[in-house]
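Asker: One structure, as structure tokens, below. Some questions next.
In structure tokens:
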């Protein structure tokens, strides 16, 4: 009888529901311990990869680093398998940004058997420190990141048109400088080299490897330098304008008390209710939100404040 009780206890402890609370829920005691231990392992693995790239370290240390690397790889592999197993929408998690980062955190170790240079791609594990935002309860910064992402995405069309204009401008300036300098200055031997000079001068970098020697060439250089300062200000103005337009995203009516809001969707990863209708990322775990998730919360449940509860998916409903 005791054996069956222990078996049922172990089965409930390692059920998909409990594993999801530990792996994706940073509010529970088990979830906090899991995330803190995972953060320590991530930092140690990144340090090992950085030290392993140093040729001055004795070969004995490199062997130790190799063993540690395989231990970290096994840990991250098991963690990724558990995340896929516990995710409410497995496909959405696998294709999400953090899902791809989790996959890349251990995949280069296996690929290093075929491509040895892939081993140092493991430094991408540093991106996994983003999970510290969830561990340290910094959801506000995730919200600010969502706000910044909205602004940049809205600015892309205007900046793209501006970049086309800049490309045409540097080609025109390069051709003009080629016509002025090529008869006398051997450094402007072709139009591509003159265009390279125009790009370097327009961005106010000024390497100094190609310089004009004629009077008209130097005059044109001054004009290009002045244009460079004005061109830098244009993308800044575009992004600032979009930030003003999206300021409503952080207005008081968007950040009022939770009891006065209604959930609009449910995160497929952590299972929590999201109250912002325009949110692109979950404010609790940072995963991207899919548009189809808007239909996950039934209308008769939208009057409840489920911000601190996990909304069960279809699999959990069948278990209950």
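In the UniProt record's numbering, the protein residues as written are 1 to 320. Heads up, the beta-carbon is just placed ideally off N, CA and C, and yes, glycines get one too.
(1) Measure the Cβ-Cβ separation of residue 184 and residue 214 and say whether it is below 9 Å.
(2) Would you call the region 159-168 in contact with the region 230-247, where contact means no fewer than 3 C-beta pairs closer than 8 Å?
(3) Once you ignore the five residues that flank residue 206 on each side, which residues in its own chain have a CB closer than 7 Å to its CB?
(4) Ignoring anything shorter than 4 residues, give me the alpha helix (DSSP H) runs that lie fully in the region 195-225, in order along the chain.
(5) What is the DSSP secondary structure of residue 273, counted as helix, strand or coil?
(6) How about residue 68 and residue 53: do their beta carbons lie closer than 9 Å?
(7) Alpha carbon to alpha carbon, how far is residue 246 from residue 94? Give it in angstroms, no decimals.
(8) State whether the region 71-78 contacts the region 87-101, with contact taken as three or more CB pairs (one from each stretch) at a distance under 8 Å.
(9) What residues in its chain sit with their C-beta under 6 Å from that of residue 80, if we drop five residues either side in the sequence?
(10) Closest by CA to residue 113, which one among 150, 70, 243?
(11) If you follow the alpha helix (DSSP H) that residue 98 is in, where does it begin and where does it stop?
(12) Can you check the region 27-54 for any beta strand (DSSP E) of at least 3 residues that lies completely inside it and give the ranges in chain order?
(13) Distance, Cα to Cα, residue 224 vs residue 242?
(14) Give the straight-line distance between the Cα atoms of residue 37 and residue 240, rounded to the nearest whole angstrom.
(15) Select from 110, 182, 231, 107 the residue whose C-alpha is nearest the C-alpha of residue 167.
(16) Following the continuous alpha helix (DSSP H) through residue 115, name the residue where it begins and the one where it ends.
(17) Within the continuous alpha helix (DSSP H) that includes residue 188, where are the two ends?
(18) Leaving out five residues before and five after residue 194 in sequence, what residues of the same chain have Cβ atoms less than 6 Å from its Cβ?
(19) Between which two residues does the alpha helix (DSSP H) harbouring residue 57 extend?
(20) Can the beta-carbon of residue 212 be found closer than 9 Å to that of residue 202?
(21) Where do the N-terminal and C-terminal ends of the alpha helix (DSSP H) with residue 21 fall, by residue?
(22) Quick one: using the 10 Å Cβ neighbour count with 16 as the cut-off for buried, is residue 272 buried or exposed?
(23) Report buried or exposed for residue 390, applying the criterion of at least 16 other Cβ atoms within 10 angstroms of its Cβ.
(24) Less than 9 Å between the C-beta atoms of residue 87 and residue 24, yes or no?
(25) Taking the straight line between their C-alpha atoms, what separation do you get for residue 149 and residue 155?
(26) At the level of alpha carbons, what is the spacing between residue 89 and residue 15?
(27) Check residue 265 in the structure and name its three-state DSSP category.
(28) Within 10 angstroms of the Cβ of residue 256, are there 16 or more other Cβ atoms? Answer buried if so, exposed if not.
(29) Roughly how many angstroms separate the alpha carbons of residue 229 and residue 169, rounded to a whole number?
(30) Report yes if the CB atom of residue 82 is closer than 9 Å to the CB atom of residue 39, and no otherwise.
Answerer: The answer reads as follows:
(1) yes
(2) yes
(3) 200
(4) none
(5) strand
(6) no
(7) 30 Å
(8) no
(9) 102
(10) 70
(11) 97-104
(12) none
(13) 28 Å
(14) 40 Å
(15) 231
(16) No alpha helix (DSSP H) contains residue 115, which DSSP labels as neither H nor E.
(17) Where residue 188 is concerned, there is no enclosing alpha helix (DSSP H), given that its DSSP letter is neither H nor E.
(18) 174, 177, 178, 188
(19) Looking at the DSSP string, residue 57 is not in any alpha helix (DSSP H), and its letter there is neither H nor E.
(20) no
(21) 16-24
(22) buried
(23) Only positions 1 to 320 of the chain appear in the structure, and residue 390 is not among them; the question remains open.
(24) yes
(25) 10 Å
(26) 17 Å
(27) strand
(28) The predicted model places residue 256 with a pLDDT of 46, which falls under 50 and marks its position as unreliable; any figure quoted below should be read in that light. The residue in question, residue 256, is exposed, as its Cβ has fewer than 16 Cβ neighbours within 10 Å.
(29) 14 Å
(30) no
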